[in-house]
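The sequence shown: position 116 = 1161 (this note's numbering), numbered continuously.
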Amino acid sequence: MIKKRRVFSGTRPTGHLHLGNYFGAIKGYLKLQDEKNLDCIYAIVDLHGVTSPYNPKTYPKEVTDLVLDYLACGLDPKKSHLIIQSHLPQHLELAYYLSTIYPVSRLEQLPTYKEKKLEQPKYINLGLLYYPILMAADILIYKAELVPVGKDQLPHLELTREVARMFNNYFGKTFPEPQAFLTSGSYVPSLTGEGKMSKTNENSYISLIDDLDTIKKKLAKVPTDLGHGNKVPQQGGINALLTLVELFMGKLKREQYEKQYLTTGIKYQPLKNELAQYIYNYLKPIQAKRAYYQKHPQLIKEIIENGERYALGIVQKTLLEVKRKMGFR
Ligand code: TYM
């Protein structure tokens, strides 16, 4: 039997998935689960979620919401294993071992850490600094070779490879060096025209559960210009709109609008209305599937239990190997 290559990825339960998560990560999860020679494990990374301010009372619901979103998007429990990170504390144990071989100074230099410090100046906890080590452990504990993520996660992937190399050098070959798997939508810009689409700003994202009216209202707020000029903007609100046009209506449509911008000019109102309808038509079946799973909590429970049973065998084996190599047994 051919040994399947392993795939691992995860998302934080910070509310419903948005279009950035969907195109940057979930599309990759879906593509890879269809490959016969790959073995996919996808997680709700709830331990990472608590490094930013959160509400412990509503947290269990956020976790369930993300499981529902995953399934609604088409993650198929027959093809992928779904797990909740905190149910497998072995991730934390491996993270501790890995933390003993990685310099603090390098963690402090990571762009993602610096951004978070600016984003949540009153919540700069040790978990934030430790975040990439736990992420490396998530990946390495499964000896994953492929990690579908958006572009913003590339520094974390680079660090994971470095940790793997360091561990292998100190204690003997143990971990593969995982590669990122990027989709064509690996960077979805924010609707505000600044930075990437993200949950931190209400006006930045379209959620997978938004209805047509909400999508229209959100697109209406995207900052635009007069609609023509001698260079199509590569940044800002217009770029955000054109990126969404390309993702939902195709590359050709984007090119048509770009041509209009340089010649007769774009009328943003009809563009936004047409785009809103395309987005909603795309999301409708996802929302219907979500409603189905929502009515079947027992099914969700079984899917997670099965995924975690499978994952447990792997994480226990890796930990034993790591502990032996590090001299604990
Ligand atoms: P998180 O929860 O911030 O985001 C989940 C996934 O969505 C992608 N993403 C985007 N892609 C394109 N455009 C955007 N605007 C956009 N916003 C988010 C992210 O790149 C990510 O793939 N650190 C990870 C979670 C994690 C993880 C792991 C990932 C923990 N352990 C192990 C992979 C493997 C994170 O914060 O993702």
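Cβ coordinates follow ideal geometry from the N, Cα and C atoms, glycine included. Remember, it's a predicted structure, so these values are computed and weren't measured experimentally.
**Message:** With DSSP as the reference, identify every bridge partner of T1096, one or two as the case may be.
**Reply:** The count along the sequence shown starts at 1 and reaches residue 1096 at position 51. DSSP output for T1096 lists no bridge partner at all.
**Asked** In terms of residues, what are the limits of the alpha helix (DSSP H) holding P1105?
**Response** Within the sequence shown, numbered from 1, the residue matching residue 1105 stands at position 60. Following the DSSP letters along the chain, one finds P1105 inside the alpha helix (DSSP H) bounded by residues 1104-1118.
**Prompt:** Around the C-beta of L1163, are 16 or more other C-beta atoms found within 10 angstroms, so that it is buried, or is it exposed?
**Reply:** Taking the sequence shown and counting its residues from 1, the one referred to as residue 1163 is at position 118. By the 10 Å Cβ count, L1163 comes out exposed.
**Prompt:** Does the Cβ of D1255 lie closer than 6 Å to at least one heavy atom of the ligand TYM?
**Reply:** The sequence position of residue 1255 within the sequence shown is 210, counting from 1. False, no ligand heavy atom lies under 6 Å from that Cβ.
**Message:** Is it buried or exposed, H1341, if we count other Cβ atoms within 10 angstroms and call 16 or more buried?
**Reply:** As a position in the sequence shown, residue 1341 is number 296, starting the count at 1. Residue environment for H1341: exposed (fewer than 16 other C-beta atoms within 10 angstroms of its C-beta).
**Request:** Report, in whole angstroms, the separation of the C-beta atoms of Q1025 and S1125, which I expect to be a contact under 8 Å.
**Result:** In the structure as shown, the chain begins at 1046 and stops at 1374. Residue 1025 is therefore absent and cannot be evaluated.
**Item:** Integer Cβ distance of F1226 from L1257, believed to fall under 8 Å
**Value:** Start at 1 with the first residue of the sequence shown, and residue 1226 comes out as number 181. Start at 1 with the first residue of the sequence shown, and residue 1257 comes out as number 212. Rounded, the Cβ-Cβ distance is 32 Å, inconsistent with contact.
**Item:** R1057 in three-state terms, based on DSSP
**Value:** Walking along the sequence shown from the start, residue 1057 turns up at place 12. The three-state secondary structure of R1057, taken from DSSP, is coil.
**Asked** If you measure from the CB of R1057, is any heavy atom of the ligand TYM nearer than 6 Å?
**Response** On the sequence shown, residue 1057 is found 12 positions in, with the first residue counted as 1. Yes.
**Request:** Count the C-beta pairs between the stretch 1346-1359 and the stretch 1320-1332 that are closer than 8 Å, then say yes if the count reaches three, no if not.
**Result:** With contact defined as three or more Cβ pairs closer than 8 Å, the stretch 1346-1359 and the stretch 1320-1332 are not in contact.
**Message:** Could you check whether the stretch 1218-1232 touches the stretch 1246-1265, counting it as contact only if at least three pairs of C-beta atoms, one from each stretch, sit closer than 8 Å?
**Reply:** Contact fails: fewer than three Cβ-Cβ distances are below 8 Å.
**Asked** Leaving out five residues before and five after V1277 in sequence, what residues of the same chain have Cβ atoms less than 6 Å from its Cβ?
**Response** On the sequence shown, position 232 is the one that residue 1277 refers to. Within the same chain, V1277 has close Cβ partners E1303, Y1306.
**Request:** Using the Cα positions of A1336 and A1070, report the straight-line distance between them to the nearest angstrom.
**Result:** To locate residue 1336, count along the sequence shown from 1; it is residue 291. To locate residue 1070, count along the sequence shown from 1; it is residue 25. Looking at the two C-alpha atoms, the distance is approximately 22 Å.
**Asked** Cβ of I1184 within 6 Å of any heavy atom in the ligand TYM?
**Response** Within the sequence shown, the letter at position 139 stands for residue 1184. I1184 has its Cβ nearer than 6 Å to a heavy atom of the ligand TYM.
**Request:** Along the beta strand (DSSP E) that carries P1315, what are the first and last residues, could you check?
**Result:** Numbered from its first residue, the sequence shown carries residue 1315 at position 270. Taken as a continuous stretch (DSSP letters only), P1315 belongs to no beta strand (DSSP E), being part of the alpha helix (DSSP H) at 1313-1339.
**Meets three-Cβ-pair contact criterion under 8 Å: the stretch 1341-1354 and the stretch 1104-1115** = The stretch 1341-1354, when compared against the stretch 1104-1115, does touch it at the 8 Å Cβ threshold.
**Asked** So which of R1050, E1366, H1273 has the shortest CA-CA distance to T1309?
**Response** Numbered from its first residue, the sequence shown carries residue 1309 at position 264. Per the Cα distances, H1273.
**Message:** For the beta strand (DSSP E) containing Q1224, name the first residue and the last one.
**Reply:** The residue you call residue 1224 lines up with position 179 of the sequence shown. In the DSSP assignment, Q1224 falls within the unbroken beta strand (DSSP E) covering 1224-1226.
**Prompt:** Taking DSSP as the reference, what is the three-state secondary structure of H1273?
**Reply:** If you number the sequence shown from 1, residue 1273 lands on position 228. The answer is coil: DSSP assigns H1273 none of H, G, I, E or B.
**Spatial distance of G1240 from N1275 (CA atoms)** = Numbered from its first residue, the sequence shown carries residue 1240 at position 195. Numbered from its first residue, the sequence shown carries residue 1275 at position 230. Near 24 Å, if we compare the C-alpha coordinates of N1275 and G1240.
**Asked** Can T1237 and S1229 be called in contact, C-beta distance under 7 Å?
**Response** Counting from 1 along the sequence shown, the entry for residue 1237 is found at position 192. Counting from 1 along the sequence shown, the entry for residue 1229 is found at position 184. Their beta carbons are not under 7 Å apart, which means T1237 does not touch S1229 by this criterion.
**Distance cut-off 6 Å: A1209 Cβ against heavy atoms of the ligand TYM** = Residue 1209 sits at position 164 when you count from the first residue of the sequence shown. Because no heavy atom of the ligand TYM lies under 6 Å away, the Cβ of A1209 does not count as near it: no.
**Prompt:** Just checking my contact of L1120 with Y1067 at CB under 8 Å: how many whole Å lie between their CB atoms?
**Reply:** Counting from 1 along the sequence shown, the entry for residue 1120 is found at position 75. Counting from 1 along the sequence shown, the entry for residue 1067 is found at position 22. Their Cβ separation, rounded to whole angstroms, is 12 Å, which puts L1120 and Y1067 out of contact at 8 Å.
**Asked** Span of the beta strand (DSSP E) holding I1086?
**Response** Position 41 of the sequence shown, counted from the first residue, corresponds to residue 1086. 1083-1089 is the extent of the beta strand (DSSP E) around I1086.
**Asked** In chain order, which continuous runs of the alpha helix (DSSP H) of length 4 or greater are located wholly inside the stretch 1183-1221?
**Response** DSSP runs (the alpha helix (DSSP H)) wholly in the stretch 1183-1221: 1199-1216.
**Message:** Is G1065 close to the ligand MN? I mean its beta-carbon at under 6 Å from any heavy atom of the ligand.
**Reply:** The ligand MN is not among the ligands present in this structure, which contains only the ligand TYM.
**Asked** What is the rounded straight-line gap between the Cα of F1216 and the Cα of Y1175?
**Response** Start at 1 with the first residue of the sequence shown, and residue 1216 comes out as number 171. Start at 1 with the first residue of the sequence shown, and residue 1175 comes out as number 130. Distance between the alpha carbons of F1216 and Y1175 is about 22 Å.
**Prompt:** Nearest-angstrom Cα distance between Q1198 and P1177?
**Reply:** Looking up residue 1198 in the sequence shown gives position 153. Looking up residue 1177 in the sequence shown gives position 132. Distance between the alpha carbons of Q1198 and P1177 is about 10 Å.
**Prompt:** Does the pairing of the stretch 1083-1092 with the stretch 1148-1162 give three or more beta-carbon distances under 8 Å?
**Reply:** The stretch 1148-1162 and the stretch 1083-1092 do not touch, with fewer than three beta-carbon pairs separated by less than 8 Å.
**Item:** Straight-line gap, I1186 to K1362 (C-alpha atoms, nearest Å)
**Value:** As a first step, residue 1186 must be located in the sequence shown, where it is residue number 141. As a first step, residue 1362 must be located in the sequence shown, where it is residue number 317. Roughly 9 Å between the two C-alpha positions.
**Asked** Say the cut is 6 Å; is the CB of H1132 nearer than that to a heavy atom of the ligand TYM?
**Response** Counting from 1 along the sequence shown, the entry for residue 1132 is found at position 87. Every heavy atom of the ligand TYM is 6 Å or more from the Cβ of H1132, so no.
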